[in-house]
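What follows is a set of notes on a single structure, which appears directly below.
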Amino acid sequence: MVSVNELQSMYENMVTARHYEERLQEEYLEGKQPAFDISAGPIPGELHLAAGHEASGAGVCQHLRDDDTVTAPHRPHHIAIAKGVDLKRMTAEIFGRETGLSKGKGGHMHLFDPEVNFACSGIIAEGCPPAVGAGLAAKKRNTDSVAVAFLGEGAIDQGAFLESLNMASVQNLPVVFVVEDNDWAISMPKHRITDVANGARRADGFDMPGERVDADDAVAVYEAARAAVGRARDRNGPSLLEVQVHRRMGHFMGDPEGYRPDEDKAAAERRDSIERLEADLRGHDVDDETIDDLRDRAHERVEEAIEWAKDQPEPEPADAYEDVFVNPASGVTDSEPSVAETGGDD
Amino acid sequence: MATTTPDPAAVDSQTLTLVQAVREGLYTEMKRDDDVLILGEDVGDNDGVFRATEGLVDEFGSDRVMDTPLAESAIIGTSIGMAVRGFRPVPELQFMGFVYPAFDQLVNHAARFRTRSRGRFTCPLTVRVPYGGGIRAPEHHSESTEAFFAHQPGLKVVVPSTPYDAKGLLASAIEDPDPVVFLEPKLIYRSFKREVPDERYTVPIGEANVLREGSDVAVFTWGAMVRPTLEAAETLAEDGIDCHVVDVRSIYPLDEETIVDAFKRTGRGVVVHEAPQTGGMAAELTSTIQEEAVLYQKAPIKRITGYDTPFPLYALEDYYLPSAARIEHGIRETVEF
Ligand SMILES: Cc1ncc(C[n+]2csc(CCOP(=O)(O)OP(=O)(O)O)c2C)c(N)n1
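Residue numbers (full-length UniProt numbering), protein chains in the order written: chain A, 1 to 346; chain B, 1 to 337.
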């Protein structure tokens with residue numbers, strides 16, 4: 001049974017993640033309205049927010065240690081927060097600042113934190129094979145660390161995912177695949193991309209355990225993940241989980257969601273896993289004051305991170321040559337006009 | 001260059017953006033030939049993430065505008081199978097950075113179907129690919145990897161820089177018996193509008209387009225780099241430097257005749273592209289020119305390109321992409337050599 005402490009810890013992660021997305025939404029939309037201009041504002045480019053996904057990150061990562069590997073997809077914030085990624089540096093990365101996790105070169109889909117063995121990729125299902133590799137590395141090093149690959153239900157038709165299921169299974173590796181089913185892959189409802197409503201059934205084809213958690217319920221995710229992560233840690237091989245989550249903020253910020261019936265969105269919002277967990281906490285005699293404290297603390301942490309991040313410097317042009325093997329800065333640069341001359345812009 | 005295209009001023013036309021012209025081209029080809037069909041991620045009910053297929057599912061139905069699962073290998077591979085069996089599929093890859101799961105199908109299969117079958121099969125496939133930087137997107141959403149495709153025998157690679165060329169090149173690509181990678185510079189999808197004839201016309205693959213006649217230096221470019229290049233040429237004209245600007249338009253095959261002629265009349269050459277310099281198409285153009293016209297050469301051919309680094313995030317994007325100022329500077333150096 002899940003302990004009260006663990007419930008509180010998951011709750012704090014989840015309200016942190018939710019508030020984080022709400023605040024990023026505000027920051028992101030600044031300067032992009034009324035006509036949506038994706039290149040304007042303090043966070044230009046795409047932003048995939050994970051409001052509605054919190055139960056998955058919190059319920060799974062509750063079982064993980066810093067030395068366990070997590071690979072996340074293009075919608076990574078809630079998972080990063082639950083895995084313990086440095087929130088300030090992650091936020092600076094999202095704002096494209098020099099002190100960001102990747103020195104402001106990666107952006108919100110490319111968050112990397114070796115302190116807690118966290119990585120992500122903007123290419124769907126791309127994190128699956130490296131998670132298998134991390135599992136193989138753990139096995140070869142004879143440690144009991146595990147690897148978890150998160151992906152969306154839209155990504156389960158990628159070869160990278162199916163090949164990984166097979167590799168993990170045939171090598172008997174400590175890997176857990178977590179499919180976050182938010183019903184939509186951009187404009188495509190799940191039933192139009194797969195005939196198999198229960199995605200966990202794909203595990204059968206690879207002779208590994210598969211379980212679908214049917215409700216937006218952090219405790220149910222926690223229980224399913226306990227079995228799967230435990231199995232991996234005990235060297236009993238990989239598992240596949242599919243967990244029902246929901247999408248509250250469109251595929252990306254600015255997505256008008258013209259394809260999505262209002263009723264679908266309203267129904268999804270009613271399945272709020274945070275409210276559900278709050279009810280669970282009360283059921284465990286956690287009082288209002290404690291819940292308020294957890295929430296306040298989460299909000300403060302988020303505000304602090306955003307404030308700090310916005311204060312950070314932007315990267316220098318020469319930084320582009322750091323941390324990557326390329327030809328030595330070629331003739332292109334030597335004879336170029338200085339940035340001061342061109343203003344870096346036309 | 002001989003051209004089969006109508007003068008837009010002389011026929012019924014509408015003013016369109018580049019992305020609208022792509023949509024118009026798709027519409028025209030689908031009306032004309034029932035075997036033309038579209039498949040890809042979010043191309044139907046969502047009108048495509050860049051709205052390039054807007055309204056087409058309503059017009060032609062979901063049998064011909066097919067929303068697919070998120071599986072690029074299957075999207076391109078399925079298109080190959082249909083092409084070989086007589087259809088004219090026009091699959092869309094959402095962004096150029098998503099081609100890699102499909103790279104094997106494209107490079108190892110589509111490109112070789114005709115030669116492997118010794119010409120008894122053809123693979124008339126047009127892969128539409130939004131590409132390039134300047135929209136403040138992360139690196140895998142901003143790259144220009146046209147050289148990957150140009151390097152593969154069996155593939156054709158084209159890039160329109162105007163709404164007119166978008167519609168005309170798309171028609172040529174779709175009627176071509178070989179697989180064509182149709183690159184769409186998304187930075188200029190909506191930057192400007194131009195007249196586009198209502199009637200069907202083609203812009204032939206393999207023909208570059210001289211945008212500006214000049215006698216001092218030939219400048220070769222394509223896609224979204226055409227505009228800053230022309231801007232630089234205007235500025236230089238004020239200082240008496242006369243640029244001959246060529247929109248290369250067809251990356252493979254290259255229009256060697258137009259390119260070499262342009263160089264011969266000026267004796268100086270500059271190539272501008274977004275992609276990193278090493279292994280980029282500028283090297284190919286330079287070599288071609290050297291082979292054909294070395295005796296005309298008055299200065300080293302200059303490459304003004306993206307840098308040999310991964311495409312940077314937004315703060316540095318403007319430094320990475322060749323700007324009018326950088327282009328102007330590079331052209332001056334070449335002329336003053
Ligand atoms: C290989 C590849 N193809 C296409 C995309 C574009 N893309 C980004 S997210 C997405 C939908 C993913 O849906 P899902 O996996 O269900 O995750 P969700 O966005 O719903 O969280 C698509 C098509 C991509 N990132 N990578």
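Even glycine gets a Cβ: it sits at the ideal position worked out from N, Cα and C.
Since the model is a prediction, treat every value here as computed from it, not as a measurement.
beta-carbon residue i near ligand 1 non-hydrogen atom, thresh 7 Å
i, result
"tryptophan 184 of chain A", "yes"
"leucine 24 of chain A", "no"
"phenylalanine 98 of chain B", "yes"
"alanine 80 of chain A", "no"
"glutamate 231 of chain B", "no"
"glutamate 115 of chain A", "no"
"proline 101 of chain B", "yes"
"isoleucine 124 of chain A", "yes"
"leucine 151 of chain A", "yes"
"glutamate 180 of chain A", "yes"
"glutamine 33 of chain A", "no"
"aspartate 154 of chain A", "Per the sequence shown, the amino acid found at residue 154 of chain A is glycine instead of aspartate. Yes."
"arginine 247 of chain A", "yes"
"arginine 75 of chain A", "yes"
"glutamate 72 of chain B", "yes"
"histidine 251 of chain A", "yes"
"histidine 284 of chain A", "no"
"glutamate 234 of chain B", "no"
"histidine 110 of chain A", "no"
"glutamate 41 of chain B", "yes"
"residue 340 of chain B", "In this structure chain B extends from 1 to 337, so residue 340 of chain B is not present and cannot be described."
"aspartate 191 of chain A", "Sequence inspection shows histidine at residue 191 of chain A; the aspartate mentioned does not correspond to that position. Because no heavy atom of ligand 1 lies under 7 Å away, the Cβ of histidine 191 of chain A does not count as near it: no."
"glutamine 94 of chain B", "yes"
"histidine 48 of chain A", "yes"
Start-to-end residues for the beta strand (DSSP E) that takes in residue i
i, result
"serine 56 of chain A", "Unbroken run through serine 56 of chain A is the alpha helix (DSSP H), 54-61; no beta strand (DSSP E)."
"glutamate 184 of chain B", "180-185"
"histidine 305 of chain B", "Checking the sequence, you will find threonine at residue 305 of chain B rather than histidine. Counting along the chain, the beta strand (DSSP E) containing threonine 305 of chain B begins and ends at 302-306."
"histidine 273 of chain B", "269-276"
"glutamate 92 of chain B", "88-92"
"cysteine 123 of chain B", "Where cysteine 123 of chain B is concerned, there is no enclosing beta strand (DSSP E), given that its DSSP letter is neither H nor E."
"phenylalanine 161 of chain A", "From DSSP, phenylalanine 161 of chain A is part of no beta strand (DSSP E) but of the alpha helix (DSSP H) over 159-170."
"proline 197 of chain B", "194-197"
"threonine 15 of chain B", "13-16"
"phenylalanine 148 of chain B", "Counting along the chain, phenylalanine 148 of chain B falls outside any beta strand (DSSP E), though it belongs to the alpha helix (DSSP H) covering 146-150."
Residue(s) in a DSSP beta bridge with residue i
i, result
"aspartate 247 of chain B", "B/Asn209 and B/Thr221"
"arginine 75 of chain A", "Paired residues: none, contrary to the question."
"methionine 1 of chain A", "Methionine 1 of chain A pairs with nothing; no bridge assigned."
"isoleucine 135 of chain B", "Isoleucine 135 of chain B is not bridged to any residue."
"alanine 119 of chain A", "A/Thr71"
"valine 221 of chain A", "The partner list for valine 221 of chain A (beta bridge, DSSP) is empty, contrary to what the question assumes."
"lysine 156 of chain B", "B/Val180"
"glutamine 244 of chain A", "A/Asp181"
"isoleucine 186 of chain A", "Isoleucine 186 of chain A pairs with nothing; no bridge assigned."
"tyrosine 252 of chain B", "B/Val157"
"leucine 39 of chain B", "B/Met66 and B/Pro91"
Boundaries (first-last residue) of the alpha helix (DSSP H) holding residue i
i, result
"threonine 334 of chain B", "324-336"
"glutamine 290 of chain B", "281-293"
"proline 228 of chain B", "226-238"
"phenylalanine 103 of chain B", "100-103"
"glycine 77 of chain B", "72-84"
"aspartate 280 of chain A", "273-283"
"methionine 90 of chain A", "87-94"
"alanine 173 of chain B", "163-175"
"isoleucine 38 of chain A", "That residue, isoleucine 38 of chain A, is in no alpha helix (DSSP H); it is neither H nor E in DSSP."
"glutamate 289 of chain A", "288-310"
>> Below 8 Å, how does it come out for the stretch 239-247 of chain A and the stretch 51-61 of chain A: are there three or more Cβ pairs, yes or no?
In response: yes
> With contact counted as at least three CB pairs below 8 Å, one residue from each stretch, are the stretch 288-296 of chain B and the stretch 183-201 of chain B in contact?
Replying inline: no
>> Taking contact to mean 3 or more Cβ pairs, one atom from each stretch, closer than 8 Å, check whether the stretch 54-74 of chain A and the stretch 219-236 of chain A are in contact.
In response: The answer is yes - the stretch 219-236 of chain A touches the stretch 54-74 of chain A, with three or more Cβ pairs under 8 Å.
> Does the count of Cβ pairs from the stretch 86-101 of chain B and the stretch 24-36 of chain B closer than 8 Å reach three?
Replying inline: yes
>> Using 8 Å as the cut-off, can you tell me whether the stretch 179-199 of chain B makes contact with the stretch 17-24 of chain B, which would need three or more C-beta pairs spanning the two stretches below that distance?
In response: yes
>> Pairs of beta-carbons, one from the stretch 239-253 of chain B and one from the stretch 203-214 of chain B, closer than 8 Å: are there three or more?
In response: The answer is yes - the stretch 203-214 of chain B touches the stretch 239-253 of chain B, with three or more Cβ pairs under 8 Å.
>> Between the stretch 28-43 of chain A and the stretch 73-88 of chain A, can you find at least three pairs of beta-carbon atoms closer than 8 Å?
In response: Taking one beta carbon from each stretch, the stretch 73-88 of chain A and the stretch 28-43 of chain A have fewer than 3 pairs nearer than 8 Å; the two do not touch.
>> Closer than 8 Å is the cut-off here; do at least three beta carbon pairs connect the stretch 229-237 of chain B with the stretch 282-291 of chain B?
In response: no
>> Does the contact criterion of 3 or more C-beta pairs under 8 Å hold for the stretch 172-184 of chain A versus the stretch 226-242 of chain A?
In response: yes
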